[in-house]
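Residues in the sequence shown are numbered from 5 upward in steps of one, following the numbering used here.
Glycine included, C-beta positions come from ideal geometry on N, C-alpha and C.
Data block below; observations after.
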Amino acid sequence: MAVAELTEAERQSALADLSEWSLSREGKAIERKLEFGDFSEAWGFMSRVALLADTHDHHPEWFNVYNKVEITLTTHDAGGLSERDVKMAKAIDALL
Numbered sequence: 005m006a007v008a009e010l011t012e013a014e015r016q017s018a019l020a021d022l023s024e025w026s027l028s029r030e031g032k033a034i035e036r037k038l039e040f041g042d043f044s045e046a047w048g049f050m051s052r053v054a055l056l057a058d059t060h061d062h063h064p065e066w067f068n069v070y071n072k073v074e075i076t077l078t079t080h081d082a083g084g085l086s087e088r089d090v091k092m093a094k095a096i097d098a099l100l
């Protein structure tokens, strides 16, 4: 099943529901930066996201240093941001 890249209007609508996320990579991705109390808390969050990602079969790009986590979502098969990224972002937000 082909995954379609979101249109500009769809991107803007999705971001309205994802207030903690911002467009990146010239509108081809969304990202969120988080800060936790310590490394263990950050790692625990990343572990929960990893399990969620396997359930959704959609895996984030991310970066971690001590208590900071940066998450980027994009759909390579669609060539940019898709509904899969929006659903994953909402699922990640629900963990917090």
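Judged by DSSP in its simplified three-state form, L55 adopts helix. Contact between the segment 12–28 and the segment 44–60 is absent, with fewer than three C-beta pairs closer than 8 Å.
Judged by DSSP in its simplified three-state form, W47 adopts helix.
Under the three-state reduction of DSSP, K94 is assigned to helix. Residue E35 holds the alpha-carbon nearest to the alpha-carbon of E74 among E24, G31, E35 and S23.
Within the same chain, and ignoring the five residues on either side of S86 in sequence, the residues whose Cβ sits closer than 7 Å to its Cβ are V7, A8, E9, L10 and T79.
If the five residues before and after L38 are omitted, its C-beta is found closer than 6 Å to the C-beta atoms of V73, all from its own chain and listed in chain order.
Remark: C-beta atoms of L22 and A93 approach each other more closely than 7 Å.
Scanning the segment 5–40 from its first residue to its last, the whole alpha helix (DSSP H) runs of 4-plus residues come out as 12–20.
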